[in-house]
Amino acid sequence: MSFFDRLLGRERRSTIKSDDPYLAEWFGLRSGIGGYTDPARASGIAVAHACISIVSQNLAAMPLNLYRRIEYGGRERAADHPLYSVLHDMSNATLTAFEARETLIASLMVTGNAFAVLERNQRGQVTALNPIDPGTVAVEKLQNGRLRYRVSYSSGGTRFYLQEEMLHLRFRLGRDGVMGLSPIQIARETFNLALTQQDTACDQASKSFKPEGALVFPNTIGTEQRQSVLDKLETKVNSDLSTRGILVLDGGTDWKSFSFSSKDAEFLDSRKLTNLDICRIWGVPPTVAGITDNATYSNSDQESRALVVRCLAPMARRVEQAMNATLLTDTARKSLFIEHDLAGLLRGDMKARYDAYSVGRNGGWLSVNEIRTLENMPQIEGGNEFLSPLNMTQLGDRDSDDGGSNNDI
3 MSFFDRLLGR ERRSTIKSDD PYLAEWFGLR SGIGGYTDPA RASGIAVAHA CISIVSQNLA
63 AMPLNLYRRI EYGGRERAAD HPLYSVLHDM SNATLTAFEA RETLIASLMV TGNAFAVLER
123 NQRGQVTALN PIDPGTVAVE KLQNGRLRYR VSYSSGGTRF YLQEEMLHLR FRLGRDGVMG
183 LSPIQIARET FNLALTQQDT ACDQASKSFK PEGALVFPNT IGTEQRQSVL DKLETKVNSD
243 LSTRGILVLD GGTDWKSFSF SSKDAEFLDS RKLTNLDICR IWGVPPTVAG ITDNATYSNS
303 DQESRALVVR CLAPMARRVE QAMNATLLTD TARKSLFIEH DLAGLLRGDM KARYDAYSVG
363 RNGGWLSVNE IRTLENMPQI EGGNEFLSPL NMTQLGDRDS DDGGSNNDI
């Protein structure tokens, strides 16, 4: 099948549509309890928004560099390649690299998929990366196993892109082998519970926490008196907070509440547990997301490092491998590769860093210029030399210097 046959759609294919009635079950979007969860509403939950912002912003802030392999297993930044600027400076004419990468990661965390249309020059090198809304994309699996993407633009037009023209990030591969699964849909019961709790809290706040109950009179009262008391009570309760005052009722009137308070129903505690569950879904430590109950300086520092190891590092590798497979050609991958620099997130305080540099320098495996580069300092002349400790030599050299005297012992 030729390139034009694939582009014009003459090849047999299967299309994955968002309105497929079986798509919900296939992607796990149906539930006996709670049903489908709206990703837009779920991502608006405060702790969910915090988790999404923390991961997307921190990962976008980390350098994403294009490296060139050099001899002896080394590397150097390929700053002369057009893709380097796309990943490091400007992804396209209007979006900075930070904005584009933040958008892609946030989309990946909410919908399970992130898409970006690629622009290439005549040499096949990527010169621009344009993120698009996942809701506008339909994926078609061709007969040869490759993918084709149909994008419906807001202007009304539709355009097809081949697999080489679209960057597709997946959170977790679905059973169809094409689309990623949304974390929100995977844990939809948790998010539905959080939304229900949020709606309940909003309802209470909108009523200014007005209680439900009954007025109890010691004696029977007439219809007119009953209506008069109700009118006075409703006027006070339903009035604006700034105009409310003290209501005085005579006749031994007593108020009996019908409703439970938030404390009685342990409502606040249940919301805290739900917030912790949402943090677990994305692997974000609670203290990092702003849940500071029982937090100390020690465990906060440890959880900040856990964020990198358990959350950011796997997400970074997911993005790197997808970009290496799509943004670089088969030939380019032999000499080039894309990788995040997460060292900045794992750096300790100044004393801890300098102690580590001292060990590396005195041990002979760090040069002055390598240390200065890690500290964002310019290199100096003669700074590429390595130290060789005098009291440490190879075992073979020591035996030869002894002239084989050890054999006489």
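Counting with the numbering used here, you get residues 3 to 411 for the letters of the sequence shown. Idealized CB from N, CA, C, for every residue including glycine. Because the structure is a prediction, the values reported are computed rather than measured.
Three-state secondary structure (DSSP) of residue i
i, result
"Arg-335", "helix"
"Asn-386", "coil"
"Arg-174", "coil"
"Arg-125", "coil"
"Ile-293", "coil"
"Ile-223", "coil"
"Pro-133", "strand"
"Asn-364", "helix"
"Val-180", "coil"
"Leu-392", "coil"
"Ala-95", "coil"
"Tyr-155", "coil"
"Met-485", "Since the first and last residues shown for the chain are 3 and 411, residue 485 lies out of range."
"Asp-205", "helix"
"Leu-25", "For Leu-25, the predicted structure reports a pLDDT of 49, less than 50, and the residue's modelled location is therefore unreliable. The matter cannot be settled from this model."
"Leu-120", "strand"
"Glu-236", "helix"
"Glu-101", "helix"
"Arg-148", "coil"
"Asp-256", "strand"
"Val-112", "helix"
"Met-141", "The question names Met, but residue 141 in the sequence shown is Val. Correct three-state label for Val-141: strand."
"Glu-377", "coil"
"Val-231", "helix"
"Val-218", "strand"
"Glu-268", "coil"
"Ser-33", "The predicted model places Ser-33 with a pLDDT of 44, which falls under 50 and marks its position as unreliable; any figure quoted below should be read in that light. Coil, per DSSP."
Span separating the alpha-carbon of residue i from that of residue j
i, j, result
"Ile-54", "Gln-227", "57 Å"
"Asn-326", "His-83", "14 Å"
"Val-119", "Ile-280", "31 Å"
"Arg-148", "Gln-165", "7 Å"
"Arg-150", "Gly-366", "52 Å"
"Val-321", "Arg-190", "24 Å"
"Leu-347", "Asn-146", "42 Å"
"Cys-313", "Ile-382", "37 Å"
"Ser-272", "Pro-288", "15 Å"
"Leu-376", "Pro-391", "23 Å"
"Leu-106", "Ala-358", "35 Å"
"Ile-186", "Gln-304", "27 Å"
"Gly-76", "Thr-192", "46 Å"
"Arg-363", "Glu-372", "10 Å"
"Ser-433", "Pro-133", "No statement about residue 433 is possible, as the shown extent of the chain runs from 3 to 411 and does not include it."
"Arg-177", "Leu-144", "17 Å"
"Thr-328", "Lys-336", "14 Å"
"Pro-230", "Glu-268", "In the sequence as presented, Pro is not what sits at residue 230; that position holds Ser. Distance between the alpha carbons of Ser-230 and Glu-268 is about 36 Å."
"Gln-200", "Asp-233", "32 Å"
"Leu-61", "Pro-41", "21 Å"
"Met-111", "Trp-284", "8 Å"
"Asp-332", "Asn-386", "34 Å"
"Lys-353", "Tyr-74", "32 Å"
"Arg-122", "Asn-94", "12 Å"
"Arg-374", "Thr-202", "55 Å"
"Ile-340", "Asn-393", "40 Å"
"Met-92", "Arg-282", "33 Å"
"Arg-423", "Phe-162", "There is no way to answer for residue 423, as the model of the chain reaches only from 3 to 411."
"Met-379", "Ala-308", "28 Å"
Presumed contact (8 Å Cβ cut-off) between residue i and residue j, rounded CB distance
i, j, result
"Ala-318", "Leu-338", "No, Ala-318 and Leu-338 are not in contact; Cβ-Cβ is about 18 Å, not under 8 Å."
"Asn-2", "Leu-171", "Here the chain comprises residues numbered 3 to 411, so residue 2 is not present and cannot be evaluated."
"Ala-44", "Leu-197", "7 Å"
"Ala-324", "Leu-169", "7 Å"
"Val-286", "Ile-56", "6 Å"
"Ile-293", "Leu-275", "That pair is no contact at about 11 Å."
"Met-181", "Val-141", "6 Å"
"Ser-109", "Pro-136", "6 Å"
"Val-218", "Asp-256", "4 Å"
"Phe-388", "Ser-360", "Going by Cβ atoms, the distance from Phe-388 to Ser-360 rounds to 14 Å, so no, they are not a contact pair."
"Ser-184", "Thr-113", "5 Å"
Which whole runs of the beta strand (DSSP E) in the region 39-82 are 3 residues long or more, in chain order?
66-71 and 77-79
Three or more beta-carbon pairs under 8 Å between the region 99-106 and the region 153-163, yes or no?
no
Pairing CB atoms from the region 74-89 with CB atoms from the region 123-137, are three or more of them under 8 Å?
In short, these stretches touch, since the Cβ pair count reaches three.
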